[in-house]
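Numbering (the numbering used here), first residue to last: 67 to 742. I have placed the structure first, in the form of structure tokens, so that the comments after it can refer back to it.
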């Protein structure tokens, strides 16, 4: 998993401080209308402050207002730069894996030439041997090898990459640990997966989501409304002879427009993508993260996602007149030379159920027969005894060679297990069939609880499998999914997604094969496995570097957390304007209209103290909320109605109460220090 960056990492803080200054460029600030207005107000008050200083007018109050306005702008920029800085720190780690690597490119005449990775082009063929780095993204077209992908994923366990199938994609910057592979390069320099990863992690390609655009329009609209409202106050103040200044009006405008959410909006979006990076998931855009938060339907592949991927031995069924212990003993002996996960599971089952362990075969003339795909059997030869374990057809052929046949009851048990979707393995000793070993798909531990969490979020789960409906129903029931699609072909997956989307639902899916590419492209959230084919990775809008399909649950939670964080801070920002009304409006006009003193419910000391306290609180609250914007609101799997109630109670009511307390506290401090 990607290394987590501390929120207050000194290197990130120093970069963010510089970024806060560089972002003062009006062309950059214009992208955020709320903070652009604050910057314009800061420039205006600064110009007036200089004019007052030249004319030797009192500047204490005006200086404080101006400084706090600049503080507000800078810390809003600082929050965004902090979010970007955390992503860039991740990108720096990835860049270490990127560099000039020597490659051995195959020429048209069959000879090989050594070239640097920057000279490789799409379509080139290279051979990589043990100990060498893979020079570019590509597909394995020949060979099989163990590959260290820790430079990309952070995981130390090597992975197998081989020609054909869904485990053929390799990434530049990873290293071959054993054997060799021949690779066809699929990218040009600057277009590699690692290049795209770095750009994505840095947030360089991040675009605003539709909801974020809608929120920006709302904030811009509120800003224009308050700008017009405040502008009309100046003629009213002149008419009523209220002693108002531009400093007071700018302060009022800055406090009334939604500066809190305006200052944190960009940081929230970037931080959402960064939280996915912490789980080794790369989102191609902010839209993908946000869509994950609105997912209604989740499609899960069975093998490797819901089940362990390798079938495990679960039970021994002896033939008539054969004891279960004898069958287990023979099955274990025949499996010692079977290095497949299924073979090892038989050894473990015999140990656990019948305490068959600690065999001493050193003084026996034992000849093991390893499992092979050709014979579909494994076994052991002892003096006068041959034991074999394998598929029913292979064992039937073995018995025929001995002049025997498979008993009817054993054949019936084989058919029964096959109908249930299991894998039957038959064990034979010389001319006797001892019985059947039942291998079945094992549902991953804890998955049922995780799917229940999704159900609590209002997300419907559908298992997709190529198995027959009977087998699919058994696994679906054990896993606790809401529905399943059996005997699924690529078009079936895509059609299912389209049907769900036609109902107005957002669909998430995971996949790793070329046959998954159409469905990944159609899904609103398509999570491709890094171990999968290039076609799958290009079709999806997220890539899971750990190739763990169940991580969709975390992706959905992070997407919901992003939406909740934005909603919570928007609610808080708009709600805390209420307190600022009661602080500033009485201060502005109470001298001319004493009746307005009734609105001074906080009993603020002086008009200047009230205005300055509101401006200071407005700036400090952005600072206080930066950690929440970057970490996100804690997500709990509840209904939308429950989340809305909690949002209004905590951030709505809190957004009203906290400013009253904060402004009053600041007023007391300012009065005690004689600053206003």
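We put the CB at the ideal spot given by N, CA and C, even for glycine. Owing to the predicted nature of the structure, the values given are computational and were not obtained by experimental measurement.
Looking only at its chain, what residues have a beta carbon closer than 7 Å to the beta carbon of residue i, apart from the 5 residues adjacent to it on each side?
{"i": "residue 234", "result": "205, 206, 227, 228, 599"}
{"i": "residue 270", "result": "Here the model assigns residue 270 a pLDDT of 41, short of 50, so the residue's position is not dependable and the matter cannot be decided."}
{"i": "residue 107", "result": "135, 316, 319, 320"}
{"i": "residue 110", "result": "312, 316"}
{"i": "residue 119", "result": "125"}
{"i": "residue 703", "result": "519, 522, 523"}
{"i": "residue 544", "result": "509"}
{"i": "residue 289", "result": "99, 100, 103, 323"}
{"i": "residue 173", "result": "179"}
Buried or exposed, going by whether 16 or more other CB atoms sit within 10 Å of the CB of residue i?
{"i": "residue 707", "result": "exposed"}
{"i": "residue 421", "result": "exposed"}
{"i": "residue 182", "result": "exposed"}
{"i": "residue 196", "result": "exposed"}
{"i": "residue 122", "result": "exposed"}
{"i": "residue 285", "result": "buried"}
{"i": "residue 564", "result": "exposed"}
{"i": "residue 407", "result": "exposed"}
{"i": "residue 80", "result": "exposed"}
{"i": "residue 117", "result": "exposed"}
{"i": "residue 201", "result": "buried"}
{"i": "residue 168", "result": "exposed"}
{"i": "residue 93", "result": "exposed"}
{"i": "residue 409", "result": "buried"}
{"i": "residue 402", "result": "buried"}
{"i": "residue 727", "result": "exposed"}
{"i": "residue 389", "result": "exposed"}
{"i": "residue 762", "result": "Residue 762 lies beyond the stretch modelled for the chain, which goes from 67 to 742, so this question has no answer here."}
{"i": "residue 570", "result": "exposed"}
{"i": "residue 610", "result": "buried"}
{"i": "residue 626", "result": "buried"}
What residues are listed by DSSP as bridge partners for residue i?
{"i": "residue 807", "result": "Nothing can be reported for residue 807: it is not among the residues displayed for the chain, which extend from 67 to 742."}
{"i": "residue 529", "result": "366, 550"}
{"i": "residue 378", "result": "506"}
{"i": "residue 350", "result": "Partner(s): none; residue 350 has no beta bridge."}
{"i": "residue 750", "result": "Here the chain has residues from 67 to 742 only, and residue 750 is not among them."}
{"i": "residue 172", "result": "178"}
{"i": "residue 241", "result": "199, 214"}
{"i": "residue 246", "result": "195, 210"}
{"i": "residue 499", "result": "494"}
{"i": "residue 610", "result": "347, 595"}
{"i": "residue 574", "result": "364, 591"}
{"i": "residue 373", "result": "509"}
{"i": "residue 390", "result": "Paired residues: none, contrary to the question."}
{"i": "residue 489", "result": "505"}
Please work out which residues of its chain come closer than 8 Å, Cβ to Cβ, to residue i, disregarding the five sequence neighbours upstream and downstream, and give them in chain order.
{"i": "residue 394", "result": "382, 415, 416, 419, 420, 422"}
{"i": "residue 325", "result": "100, 101, 104, 138, 142, 639, 684, 688"}
{"i": "residue 542", "result": "529, 549, 550"}
{"i": "residue 747", "result": "Summary: the structure shown does not reach residue 747, with the chain confined to residues 67 through 742, and so no result is reported for it."}
{"i": "residue 246", "result": "193, 194, 195, 196, 209, 211"}
{"i": "residue 471", "result": "462, 465"}
{"i": "residue 354", "result": "591, 607, 608"}
Just to confirm my understanding: we take residue i, look at its own chain, exclude 5 residues before and 5 after, and list those with CB closer than 6 Å. What are they?
{"i": "residue 317", "result": "131, 677, 681"}
{"i": "residue 341", "result": "624"}
{"i": "residue 622", "result": "358, 361"}
{"i": "residue 199", "result": "167, 241"}
{"i": "residue 646", "result": "321, 680"}
Give the DSSP-derived three-state secondary structure of residue i in the structure shown.
{"i": "residue 67", "result": "Only weak support exists for where residue 67 lies, its pLDDT of 44 falling under 50; the coordinates are left without a value."}
{"i": "residue 339", "result": "helix"}
{"i": "residue 668", "result": "coil"}
{"i": "residue 699", "result": "coil"}
{"i": "residue 385", "result": "coil"}
{"i": "residue 540", "result": "helix"}
{"i": "residue 311", "result": "coil"}
{"i": "residue 743", "result": "Summary: the structure shown does not reach residue 743, with the chain confined to residues 67 through 742, and so no result is reported for it."}
{"i": "residue 167", "result": "coil"}
{"i": "residue 326", "result": "helix"}
{"i": "residue 406", "result": "coil"}
{"i": "residue 270", "result": "Confidence at residue 270 is low in this model, with a pLDDT of 41, below 50, so the placement of that residue should be treated as unreliable; the coordinate-derived value is given next. In this structure, residue 270 counts as coil in the three-state DSSP scheme."}
{"i": "residue 674", "result": "helix"}
Identify every run of the beta strand (DSSP E) within the region 414 to 469, keeping only runs that are complete inside it and at least 3 residues long; order them along the chain.
Within the region 414 to 469, the complete beta strand (DSSP E) segments at least 3 residues long are 433 to 438, 443 to 448, 451 to 456, listed from N- to C-terminus.
Identify every run of the beta strand (DSSP E) within the region 108 to 147, keeping only runs that are complete inside it and at least 3 residues long; order them along the chain.
Listed in chain order, there is nothing to give.
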